[in-house]
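>
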Amino acid sequence: MLPPTVLHLLQLTSPALPVGAYSYSEGLEALVNGGQITNGEALRGWLVQQLRHGSIRIDGAILLRTYAAAQGGDHAQVNHWNQWLGAMRETSELRQSSQQMGRSLLKLFAEIAPDAPDWLAVLNDPCQWAIAFALTASHWQIPPDLTLLAYLQTWATHSLNAGVKLIPLGQTEGQQLLHSLGAELSQAREAITQLEDQDLDSCGWGLAIASMAHETQYTRLFRS
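Sequential numbering of the sequence shown, starting at 1, is according to the numbering used here.
What follows is the structure, encoded as structure tokens:
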């Protein structure tokens with residue numbers, strides 16, 4: 001019989017999880033519209049660079065810190081990292097998507113796990129997506145290293161799904177690209193676990209510019 005943590009992990013990472021992730025492209029729509037990303041190879045290159053140098057690394061690092069704080073019942077630390085992560089969002093679009101997905105997950109979590117702490121009442125600011133992911137995984141006792149890898153995989157899946165629609169790519173090519181990212185996802189997980197607090201920086205100006213461009217793009221398939 002499968003342990004409950006496996007089923008919980010599958011539920012948390014399911015594309016059917018109703019948090020609205022499908023409605024955001026994280027700047028990809030602007031990059032495709034501007035001709036910077038025109039095929040699967042270019043999309044893969046963009047995602048690899050984000051994993052190696054972008055803000056997704058910082059999200060992952062804060063996820064681990066939040067997980068540890070939640071395990072220890074340290075509400076002050078959870079609030080600290082939630083506020084810290086919200087403050088580092090470069091654009092209103094990125095902040096909106098993170099807060100909307102985080103709020104949706106915690107509301108859903110309260111319905112399916114009524115024995116869990118009421119984190120919506122504890123948090124002083126709107127809950128960021130990575131924070132909500134960590135709090136949910138912590139309550140379900142999903143190991144932190146697996147939680148981080150699942151978070152990165154979920155991010156890659158949503159990004160590739162957006163690319164499939166926008167470029168467009170076939171579903172098979174999208175899955176081939178996701179499969180090809182396996183080693184990069186594992187390496188990113190390993191690198192993120194080594195980050196100290198003083199190392200929490202990223203080179204995410206490309207994402208910030210793409211997100212700002214998307215906010216004023218005339219026609220948009222994805223939410224801004």
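All residues carry an ideal CB built from backbone N, CA and C; glycine is no exception.
Whose CA, out of LEU169, ARG44 and LYS107, lies closest to the CA of PRO18?
Out of LEU169, ARG44 and LYS107, LYS107 has the C-alpha closest to the C-alpha of PRO18.
> What does the alpha-carbon distance come out to for the pair CYS127 and GLN36?
Spanning the two alpha carbons is a distance of roughly 32 Å.
> With DSSP run on the structure shown, which of helix, strand or coil describes LEU105?
Helix.
> Any idea what DSSP makes of LEU177, helix, strand or coil?
Here LEU177 sits in helix by DSSP.
> Which of the three DSSP states is assigned to THR216 in this structure?
In the structure shown, THR216 sits in coil (DSSP, three-state: anything other than H, G, I, E or B).
> From the DSSP output, in three-state form, read off ILE62 for me.
In this structure, ILE62 counts as helix in the three-state DSSP scheme.
> For GLU77 and ALA69, I'd like the C-alpha separation in whole angstroms.
The residue you asked about is not Glu; residue 77 is Gln in the sequence shown. Each residue's Cα considered, the two are about 6 Å apart.
> Using the rule of at least 16 other Cβ atoms within 10 Å of the residue's Cβ for burial, across every protein chain shown, is ASP59 buried or exposed?
Burial call: buried.
> Apart from the five residues on each side of it in sequence, which residues of its chain come closer than 7 Å, Cβ to Cβ, to SER202?
Hits under 7 Å: HIS53, GLY54, SER55, ARG57 and ILE58.
> Given 8 Å as the limit, is there contact between the segment 132-145 and the segment 6-17, that is, 3 or more CB pairs closer than that?
Judged by Cβ distances under 8 Å, the segment 132-145 makes contact with the segment 6-17, as three or more pairs qualify.
> Leaving aside the five residues before and after PHE222 along the sequence, list all residues of the same chain whose C-beta is less than 7 Å from its C-beta, in chain order.
Cβ within range, chain order: SER23, TYR24, SER25, GLU29 and ALA162.
> Quick check: the Cα distance between ARG189 and ALA61, rounded to an integer number of angstroms?
Cα to Cα, the separation comes out at about 9 Å.
> Indicate the three-state DSSP secondary structure (helix, strand or coil) for GLY206 in the structure shown.
GLY206: helix per DSSP, three-state reduction.
> Within a Cβ cutoff of 7 Å, which residues of the same chain sit near GLY20, ignoring the five residues on either side of it in sequence?
Around GLY20: GLN100, MET101 and SER104.
> Do the CB positions of GLN217 and ASN33 come within less than 8 Å of each other?
The answer is yes: Cβ separation under 8 Å.
> Return the CA-CA distance between TYR67 and LEU195, expressed in angstroms with no decimal places.
Taking the straight line from one Cα to the other gives about 15 Å.
> Taking 8 Å as the threshold (C-beta atoms), are VAL48 and GLU184 in contact?
Cβ atoms of GLU184 and VAL48: closer than 8 Å.
> Check for me: the alpha helix (DSSP H) holding GLU41 runs from which residue to which?
Residues 40-53.
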